[in-house]
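Below is one structure, written out as structure tokens, with a few remarks after it.
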Amino acid sequence: MDDFTWQQKIQDRRRRRQRDIFLLATVIACLLGTAIWYFRFYQHTPAYAMKQAVAAVEAHDVEKFKKYVNLPLLTSLAYDDLTLDLFAYDATLTEDSKVKFEKFYILVKPQLAGGTESVILRRVESGAWSLPSGTDILKGRQLGIDYERFLARSLVRNTTFLEVAGVHRDGMGAVAEVKVREEDTGTPFTLDLALEQAKEGHWQIAYIKNYRAYLDAIAPRQNRDIADYIAATKDIVAAYNVKFNACRERFAATTVTKDGRLTEGQAYALASMLEKEVIPALKSRQEQLDAVPVPDGARYLAAQRRESTETTIAAWEHFIEGLRTGSPAEYAQAEVLHKRELAIDMRVEDIIRHTAISKDIPNIP
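358 is the number that my numbering gives to position 358 of the sequence shown; each next residue is one higher, with no gaps.
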């Protein structure tokens, strides 16, 4: 190999080495630039906040969720939207009564909005919806409000996230377009989530700009379906109400005592009537109700009716056992289930009454 060829090879190697070093430096610079952009800029964008909020729900990460969602503000403003014009179309109430009810809902807002915040956080943490329990003031009707029904009307449990369609700046804030589906009616909708920048620099979901519009879009469909379902089951309910009223009169006549204690014969007669007439009638009514097609928007009402029937039967079964054994525990369990059944029945009546009132709302097609 002559000197020229050798020098040429050395120069080629030197150029390749310089090119490789340049490429490596370029890659490192790109990675470094990307890292700087990610940590310094992208993490402080509305789009990043949306991704983190979604990821927090998927990972059941409550602390991350609280960081990227201003839940106290969101639930507070959503409460205002949900209770707006709540009694406006109720012709059975006087104007004075409407004002009193509206003031009452303002008064209990901290408990209901705060309670809903807790319910949502438990949903994020566990992946399942749960109602207040134990000594929680929202359990049952301690506030004079059926919180289960309140939560159902909020649509929060029935709304399924589909995707974030886009995020854009809106003045000093930002708006994320989130596609969702309301499961009971199968209605798609795009929620506009307003984002605001926290004092720490990151962005947070602050409130739902068109939450009221979402409620107004779903309510007519639900009310129409519920009204159709009520009409389709009206004769079944009426026919069995006649039977149950007759049983109620016989029950009252059979339980008449001089000292407040049932005789052995009375206990036997009551147990026999409940076991052979009342429980079979409850099961028969439910079978006929189950045979009626349920429109999508009426599934909640149908489920509440079914739960009422099952709870009533369970209560009577414990009561029958108490009649036969004299067990205080059986009577106590029957009473617990009976109270639960009464709460469900009140909820069903509230739905039916609300649907009747909603017929007068102008925007229902």
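Beta carbons: idealized from backbone N, C-alpha and C, even for Gly.
According to DSSP, which residues form a beta bridge with residue i?
i	result
VAL69	ILE205
GLN222	Paired residue(s): none; GLN222 is not in a bridge.
THR160	ARG181
VAL167	ALA176
So, for residue i: in the same chain, excluding its five sequence neighbours on each side, which residues have a beta-carbon less than 6 Å away from its beta-carbon?
i	result
ARG224	none
SER154	LEU82
VAL57	VAL124
ALA157	Note that residue 157 corresponds to Arg in the displayed sequence, not to Ala. TRP129.
LEU77	TYR207
GLY114	none
Taking its Cβ as the centre, do 16 or more other Cβ atoms sit within 10 Å of residue i, making it buried, or is it exposed?
i	result
TYR79	buried
GLU367	Outside the displayed span of the chain (1 to 365) sits residue 367, for which this structure offers no information.
TYR268	exposed
GLY171	exposed
PRO328	exposed
HIS318	buried
MET50	buried
PHE104	exposed
VAL242	exposed
GLU163	exposed
ILE351	buried
VAL278	buried
Excluding sequence positions up to five away, which residues of its chain have a Cβ less than 8 Å from the Cβ of residue i?
i	result
GLN266	THR254, THR255, THR257
LYS139	LEU131, PRO132, SER133, TYR147
PRO365	For PRO365, the predicted model reports a pLDDT of 29, less than 50, meaning its position is unreliable and no value from the coordinates is stated.
Do residue i and residue j have their CB atoms nearer than 8 Å?
i	j	result
PHE189	VAL180	yes
ASP296	ASP184	yes
LEU323	ALA271	yes
LEU121	ILE205	no
GLU117	PRO72	yes
PHE168	HIS44	Per the sequence presented here, residue 168 reads as His, with Phe not at that position. No, the Cβ-Cβ distance between HIS168 and HIS44 is not below 8 Å.
Start and end of the beta strand (DSSP E) containing residue i?
i	result
LEU191	187–197
Determine, using beta carbons only, whether residue i comes closer than 8 Å to chain B.
i	result
ARG340	Chain labels in this structure do not include chain B; a single protein chain is all it has.
Output the boundary residues of the alpha helix (DSSP H) element that contains residue i.
i	result
TRP316	299–325
PRO280	279–290
ALA49	46–59
GLN43	Run containing GLN43: none; DSSP gives neither H nor E here.
GLY114	109–126
GLY265	264–273
SER154	147–154
Among residues of its own chain, excluding the 5 on either side of residue i, which ones have a beta-carbon nearer than 7 Å to its beta-carbon?
i	result
GLU275	ILE320
GLU182	LEU155, ASN158, THR159, PHE189, ILE218
ALA152	TYR300
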